Amino acid sequence: MTFNYLNLVGNAELIKQLNYAMIYRLIVQQAPISRIQLAEISHLAPASITKITRQLLKNKLIKEVDAQQSTGGRPAVSIVAKFTHYQTIAVQLSRSHVIVELYDLGANCLVSKTYPLTDFTEKLAQKYLITLIEQFIQEYSKKIKELIAISVVMPGLVDSVHGIVRYTPHIQVKEWHLAEALQKQFKTSIFIGNDIQSLALAESYFGTTQDVDDSILIRVHQGVGSGVIVNQQLLTNHNQSACEVGHIQVDALGDRCHCGNFGCLENRVVNRAIENRAKQMIEQGYPTKLTIESCNIANICQCANQGDDLAVKLIKDSGENIGRAVAIMVNIFNPQRIVLAGELIKSQEILLRAVNNALNTQSLEGLRKNLTITCSTLNDRSAIGAFALVQQALFNGSLLMTMFEDNAI
Ligand SMILES: [Zn+2]
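Below is the structure:
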């Protein structure tokens, strides 16, 4: 461990970055807003606001709109964010697909394309990814005025600080320096991150946790992942990993997990586990509308919503097990909101009731008093999480500083 002095030193460059970040964020989130209001809220001197807004205007990140009604004196000019001048490419790598999307700075998805993922070694996947992005840029060149970033998210251990993929379940990697390779090829800012952590960030910027400071997102799909937001910031550590909820033990006598332990949450609640249990029960003659052939998670959710006894019990069992993990997270982090994502949320009512039941008996009352559990409003298969990493870099000012430098050349 080395002394982490970066948290303590505030040099002039960092202060400048933070001030620009604060003003840009205020304009994005509270527009239309006048310079006087910006000075009042930020406690910066009016001269600083003039300087910062001039730079943001020059770089086409904000624009002036009609004057606000004034209560006397000169009418104040309102400022709003300008989202359309710059674009970013957001990529989500999943087990079998690559989703490539084009966003403007207002989080509006302008193009969404899905390609199959057929290369499963680091070298081939990188080559394929570069070719896909090159083709995408060429195909949609008319929609791209100025590309400021490319962002890639995927499951696994992704070191977003150093731009290295250390582990991802479906591609063989050994310290995959993906950010460096993409930067060399595309000469723009590159961000990489874990897909679930990025989705948690996306929820806090654009989804159901915008109005709270502390939240946790749990997504159940092929695995179980989570992202923790504390004080509006994504919680990360030295290893860029935190809260592997999937490997919390929920059943001491449960099946062996791929991690080597027994009875992990992941083994009980991922889509495949639910589908397999449904098949076993059907084979043993449990009365249900489901058949061996129709036993996929979408149908199980649909049947549960129609009151099919087996389907309801399967969703309820998953909800109770997720609830166990949620209760542990609540006792540790005391969030204001928990967001659930994944195919299971199609049976929202049954799922939430089961999660709440487990939570009410396994977490501290004082910690769950102001807690709400909701389902994700963002399409969990889209690349919005990748765009959230770009939004994060705009809101912490680092990407703004890069853009100013590039535009000054
Ligand atoms: Zn495990």
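In this text, residue positions in the sequence shown follow the working numbering: the first is 569, and each later residue adds one. Where a beta carbon is used, it is the ideal one built from N, C-alpha and C, also for glycine. Because the structure is a prediction, the values reported are computed rather than measured.
Distance CB(residue i)-CB(residue j) smaller than 8 Å
i	j	result
Arg531	Leu725	Absent from the structure is residue 531, since the part of the chain shown begins at 569 and ends at 977.
Leu908	Ile712	no
Leu670	Tyr683	no
Ile595	Ser610	no
Ser728	Gln808	yes
Phe759	Ala717	yes
Glu690	Lys742	yes
Ser794	Ile842	no
Ile941	Ile906	yes
Ile647	Pro600	yes
Leu715	Thr756	yes
Ala770	Ile797	no
Val898	Leu927	yes
Ala893	Ile784	no
Gly822	Pro723	no
Arg603	Ile583	no
Among the options, nearest to residue i - alpha-carbon criterion
i	options	result
Ile952	Gln598, Val720, Cys871	Val720
Asp672	His653, Arg663, Phe688, Lys681	His653
Leu678	Gln801, Ile906, Ala658	Ala658
Val880	Ala893, Val898, Ala922	Ala922
Thr736	Ser664, Val894, Val798	Ser664
Ser680	Gln660, Asp687, Leu697	Gln660
Gly965	Asn579, Leu586, Leu685, Met897	Leu586
Asp819	Asn829, Thr686, Cys811	Asn829
Leu912	Cys825, Ser950, Ile865	Ile865
Val788	Leu821, Ile797, Val837	Val837
Ala649	Asn805, Leu606, Arg593, Leu920	Arg593
Ser772	Ile583, Gln597, Ala589, Gln605	Gln597
Asp885	Leu968, Tyr588, Arg845	Arg845
Asp974	Val645, Lys626, Cys811, Thr929	Lys626
Val645	Ala613, Cys943, Leu606, Lys937	Leu606
Buried/exposed call for residue i, threshold 16 Cβ in 10 Å
i	result
Leu962	buried
Gln960	buried
Cys863	buried
Ser915	buried
Ile931	The identity of residue 931 in the sequence shown is Ser, whereas the question assumes Ile. Its Cβ being crowded by 16 or more others within 10 Å, Ser931 is buried.
Gly875	exposed
Gln694	buried
Ala976	exposed
Ala895	buried
His730	exposed
Asp782	buried
Ile860	exposed
Cys832	buried
Ala872	buried
Leu633	The question names Leu, but residue 633 is Val in the sequence shown. Answer is exposed; the Cβ neighbour count stays below 16.
Asn516	Nothing about residue 516 can be read from this structure; the chain reaches only from 569 to 977.
Phe955	buried
Cys1005	This structure does not reach residue 1005, given that the chain is present from 569 up to 977, and the question cannot be answered.
Leu957	buried
Pro855	exposed
Ile630	buried
Ser944	buried
Ile620	buried
Check: residue i C-beta below 7 Å from any heavy atom of ligand 1
i	result
Cys825	yes
Cys832	yes
Asn844	no
Asn889	no
Asn829	yes
Closer than 7 Å: residue i CB and nearest ligand 2 heavy atom
i	result
His815	No copy of ligand 2 appears in this structure; the ligands present are ligand 1.
Let me know the beta strand (DSSP E) ranges lying completely inside the region 782–860, each 3 residues or longer, listed in chain order. 783–788, 792–798
Could you give the uninterrupted runs of the alpha helix (DSSP H) lying entirely in the region 625–701, keeping only those of 4 residues or more? none
Any beta strand (DSSP E) of 3 or more consecutive residues that is wholly inside the region 855–920: 905–910
I'd like the ranges of any alpha helix (DSSP H) spanning at least 4 consecutive residues and lying wholly in the region 929–963. 933–936, 952–963
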